[in-house]
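Shown next, in structure tokens, is the structure this report addresses.
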Amino acid sequence: GENVEQHPSTLSVQEGDSAVIKCTYSDSASNYFPWYKQELGKRPQLIIDIRSNVGEKKDQRIAVTLNKTAKHFSLHITETQPEDSAVYFCAAHNAGNMLTFGGGTRLMVKP
Amino acid sequence: SAVISQKPSRDICQRGTSLTIQCQVDSQVTMMFWYRQQPGQSLTLIATANQGSEATYESGFVIDKFPISRPNLTFSTLTVSNMSPEDSSIYLCSAISKGVQDKITPDTQYFGPGTRLTVL
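Residue numbers (my numbering), protein chains in the order written: chain H, 2 to 112; chain U, 35 to 154.
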């Protein structure tokens, strides 16, 4: 089955700096890679996703890149703000409609 | 995005009892799932709820402990049976659809708000 590794597990940045979270996956058949943000006590919320036919996708301060050859994808947050503080989960979705989640990254943005 | 609701939002239960969690989606979906999330941990898939047939359980989860129903395309229940303190966790319902007629973007998976269960 699919295995998703996520790094780092915790990340602390100064407000205004960039944050990068990286994930690797094992199943080359995986074709869809969403990122979820989970604030304390809340449900995971989809913030951006990328499909296997695209190498990069951007939405304002958030971007995701995908390297299918190396089987890794990354989340980039620029100009971080305190409200970006949360736990971020990457996931890989295969043809069987199953999402496998990474272990999560706790991002702390210090004012 | 789809609206997924769960009931109850939280509960405190005695060991040995059972709790049934309800999940309602505001549009027809092709797949529904149940996850467990321990404090500070990632999401672990318990099972896929299949409409009109037995759920498909992941390794480590069994039907006798976590019976699941899905009588129609928008509703599912998860029961946590014969509870012990180790079952204390957040249980999340999730839904995905490949449909083009409904509100949910194909392949996008959404989550309910979760049910926080504490077993004493």
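All C-beta atoms, glycine included, are put in the ideal place defined by N, C-alpha and C.
The structure presented is a predicted model; accordingly, all values stated were derived computationally and were not measured.
Residue i classed as buried or exposed, judged by whether at least 16 other C-beta atoms fall within 10 angstroms
| i | result |
| --- | --- |
| L41 (chain H) | exposed |
| A71 (chain H) | exposed |
| R44 (chain H) | buried |
| D98 (chain U) | exposed |
| K59 (chain H) | exposed |
| K38 (chain H) | buried |
| I138 (chain U) | Residue confidence is low: I138 (chain U) scores 48 on pLDDT, short of 50, so the model does not pin down where it sits. Its coordinate-derived value is still stated next. Its Cβ being crowded by 16 or more others within 10 Å, I138 (chain U) is buried. |
| R52 (chain H) | exposed |
| P35 (chain H) | buried |
| Q7 (chain H) | buried |
| A119 (chain H) | Residue 119 (chain H) lies beyond the residue range present for chain H, which begins at 2 and ends at 112; the question has no answer from this structure. |
Distance, residue j Cα to residue i Cα
| i | j | result |
| --- | --- | --- |
| S75 (chain H) | S10 (chain H) | 14 Å |
| R62 (chain H) | D18 (chain H) | 11 Å |
| L53 (chain U) | Y69 (chain U) | 15 Å |
| Q135 (chain U) | N106 (chain U) | A caution first: Q135 (chain U) carries a pLDDT of 48, below 50, which makes its placement in the model unreliable, though a value can still be read off. Approximately 17 Å, taken between the alpha carbons. |
| F100 (chain U) | S39 (chain U) | 19 Å |
| G103 (chain H) | G50 (chain U) | 32 Å |
| V153 (chain U) | D45 (chain U) | 8 Å |
| A89 (chain U) | S43 (chain U) | 23 Å |
| N68 (chain H) | H77 (chain H) | 14 Å |
| V114 (chain U) | H73 (chain H) | 36 Å |
| T149 (chain U) | M65 (chain U) | 20 Å |
| L151 (chain U) | C47 (chain U) | 8 Å |
| G86 (chain U) | S103 (chain U) | 8 Å |
| V5 (chain H) | A87 (chain H) | 20 Å |
| A26 (chain U) | Y89 (chain H) | Since the first residue shown for chain U is 35 and the last is 154, residue 26 (chain U) is missing from the structure and cannot be characterised. |
Per-residue contacts from residue i into chain U (C-beta, under 8 Å)
| i | result |
| --- | --- |
| P45 (chain H) | L77, L126 and F145 |
| H90 (chain H) | Contrary to the premise, residue 90 (chain H) reads as Phe rather than His in this sequence. Within chain U, the residues near F90 (chain H) are S76 and L77. |
| P35 (chain H) | T142 and Q143 |
Closest residue to residue i among the options (Cα-Cα distance)
| i | options | result |
| --- | --- | --- |
| S61 (chain U) | U:I130, U:V153, U:G148 and U:T152 | U:I130 |
| V37 (chain U) | U:S128, U:G86 and U:F95 | U:S128 |
| V55 (chain H) | H:N32, H:H77 and H:Y26 | H:N32 |
| F83 (chain H) | H:Q15, H:Q7, H:N4 and H:G2 | Here residue 83 (chain H) turns out to be Pro, not Phe, going by the sequence shown. Checking every option, the nearest Cα to that of P83 (chain H) belongs to H:Q15. |
| Q71 (chain U) | U:F145, U:S123 and U:A81 | U:S123 |
| Y26 (chain H) | H:V110, H:L100 and H:P112 | H:L100 |
| F145 (chain U) | U:L79, U:E88, U:E92 and U:T113 | U:L79 |
| K23 (chain H) | H:E3, H:C91, H:P112 and H:G2 | H:C91 |
| Y81 (chain H) | H:V21, H:A93 and H:K69 | It is worth fixing the name first, because residue 81 (chain H) is Thr in this sequence and not Tyr. It is H:V21 whose Cα lies nearest to the Cα of T81 (chain H). |
| Y91 (chain U) | U:G74, U:P73, U:S76 and U:L112 | U:L112 |
Nearest-angstrom beta carbon gap, residue j and residue i [assumed within contact, 8 Å]
| i | j | result |
| --- | --- | --- |
| Q143 (chain U) | F109 (chain U) | Rounded, the Cβ-Cβ distance is 18 Å, inconsistent with contact. |
| L12 (chain H) | T106 (chain H) | 6 Å |
| F95 (chain U) | A83 (chain U) | With a Cβ gap of about 12 Å, F95 (chain U) and A83 (chain U) do not count as contacting. |
| D50 (chain H) | N95 (chain H) | With a Cβ gap of about 14 Å, D50 (chain H) and N95 (chain H) do not count as contacting. |
| D85 (chain H) | V65 (chain H) | So it is not a contact: roughly 15 Å between Cβ atoms. |
Residue i: contacting residues in chain U (beta-carbon distance under 7 Å)
| i | result |
| --- | --- |
| G56 (chain H) | Neighbours of G56 (chain H) on chain U: none; closest Cβ ~18 Å, over 7 Å. |
| L100 (chain H) | Q143 |
Under 7 Å from the C-beta of residue i: neighbouring residues of chain H
| i | result |
| --- | --- |
| I148 (chain U) | The residue asked about is misnamed: residue 148 (chain U) is Gly in this sequence, not Ile. Correct list: R44. |
Contacts that residue i makes with chain U (C-beta to C-beta distance below 9 Å)
| i | result |
| --- | --- |
| G103 (chain H) | S76 |
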